[in-house]
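These notes are about the structure you will find just below.
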DNA sequence: ATGGCTGGTAGAACCAGA
């Protein structure tokens, strides 16, 4: 008799501006654990009551004023909370916990990387590459079953963007970022859960710019959000879904939620 | 069509996102 563990990851682009959407997601999909990125709120004013009232009484927060910020909200107990500063500049971009089933869950918000894909003229691009490099060294030494989810801000495959050719020199899809993410994936044999259940070259996007008047019109999306599993969990993966309809909810985030389910 | 929008914060002809 196996149980199922349902995890959702969502770049919410301000948790306070989208409380109604978060409530709807919890009501409709009933995840065991919700990982949020870009909460944009300090821990002291995080809307904890919203989650507590729905049974998500276990929380691991890492927020900061205005920007970034991550949170794990859970119906299951969370142990050994930890934070990494993989950019080494104080920004709140990671929080990790251990579930009682023995799985370690890491929630990450990789820096966007600014406009110009050249670390010599754009500090933020270098910080993004350094962040991924530090994650690579960290994941090289892992020795427990781990799920890492979040906004990686890299669309690695040609089919992860609306036009590979048009985005080759656009931050999020440049070869230097794709190679850095590839080294990270190889360092621990991470399984790309999204592509396990939706193999390339099937279209799979998780983000559409706010700037398009109609995000569906040209469908200029990118797969920036990911869920990865360490190799020993391969036989436990049960499902993966991208909740694309959430991009049509009222005042949506520009990212949509991802769900994965595991047999535990 | 590298920004056409959005949120936070201040009270901006701002910044950041990607």
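Numbering (this note's numbering), first residue to last: 343 to 606. Glycine included, each C-beta is placed from N, C-alpha and C at the ideal position.
- Residue ranges of uninterrupted alpha helix (DSSP H) with 4 or more members, entirely inside the segment 365 to 411 and ordered along the chain, are 390 to 394.
- Only residues of its own chain outside the window of five on either side were considered, and among them 385, 388, 413 have a CB closer than 6 Å to the CB of residue 403, listed in chain order.
- Inclusion of residue 495 and residue 452 in the CB contact set at 8 Å is warranted, their separation being smaller than that value.
- Assigned with DSSP and collapsed to three states, residue 438 falls in strand.
- For residue 448, the three-state secondary structure derived from DSSP is strand.
- Bounds of any alpha helix (DSSP H) do not take in residue 359, whose DSSP letter is neither H nor E.
- Distances from the CA of residue 565 to each of 485, 544, 393, 474 were compared; the closest alpha carbon is that of 544.
- In terms of CA proximity to residue 401, 416 leads the group 416, 372, 408.
- Selection 579, 366, 464, 472 evaluated against residue 431 yields 472 as nearest (Cα-Cα).
- Residue 454 is bridged by DSSP to nothing; it lacks a bridge partner.
- As computed with DSSP, residue 585 is found in no beta bridge at all.
- Per DSSP, the beta bridge partners of residue 579 are 604.
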